[in-house]
Amino acid sequence: MPLRKLAADANVILSAVAGKAALRIFLKEDVEIITTQFNVDEVREYLSVIAEKYEFSEEILESQLKLLPLSVYPLHFYEDFILKASQKLSGRDEDDIELLALAIKLKIPVWSNDNDFKNLGIEVYTTAKLLKILKA
Numbered sequence: 018m019p020l021r022k023l024a025a026d027a028n029v030i031l032s033a034v035a036g037k038a039a040l041r042i043f044l045k046e047d048v049e050i051i052t053t054q055f056n057v058d059e060v061r062e063y064l065s066v067i068a069e070k071y072e073f074s075e076e077i078l079e080s081q082l083k084l085l086p087l088s089v090y091p092l093h094f095y096e097d098f099i100l101k102a103s104q105k106l107s108g109r110d111e112d113d114i115e116l117l118a119l120a121i122k123l124k125i126p127v128w129s130n131d132n133d134f135k136n137l138g139i140e141v142y143t144t145a146k147l148l149k150i151l152k153a
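Residues in the sequence shown are numbered from 18 upward in steps of one, following my numbering.
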């Protein structure tokens, strides 16, 4: 079954903003990449760190973020699944709850390089795995 939609974690969005391999997946026209407003806010928190690390200006990185083909969902869209996601992630990174809730609601895989999503009963793809599958 081909991948049509993925819920992207902040770490892969940051990678794409920095022009790394994740960007190639964002540029695949047959896959819709979605995320939560929480994740976009988390990305924005780290733009200064990425700017310093890769010697970019924050303004350029913010522009890159805005240009990504990324659909952003507000909390009210998936809030009915927050409790379920919170229970699944018990003892893991609480920052991942909203993205997991979105993925559960839409019954789609998560795209993350974060181990916190493993063994939760949902499909999870790393950037490396997606590059192979999508031949990006």
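We put the beta carbon where it would ideally sit given N, CA and C, even for glycine.
If you're wondering where the values come from, they're calculated on a predicted model, not measured in any experiment.
Excluding residues up to 5 positions away in sequence, Ala39 lie with their Cβ nearer than 6 angstroms to the Cβ of Ser32 in the same chain. Collapsing the DSSP output to three states places Ile125 in coil. The C-beta distance from Val60 to Val34 rounds to 7 angstroms, short enough to fall under 8 angstroms.
Using a Cβ distance threshold of 8 angstroms, Leu23 and Ile125 count as a contacting pair. Comparing alpha-carbon positions, the option among Lys105, Val127, Gln104, Ser107 lying closest to Asn28 turns out to be Val127.
Beta-bridge pairing by DSSP links Tyr90 to Thr53. Annotation for Ala25: the continuous beta strand (DSSP E) segment containing it runs 22-25.
When DSSP reads this structure, Tyr142 sits in a beta bridge with Trp128.
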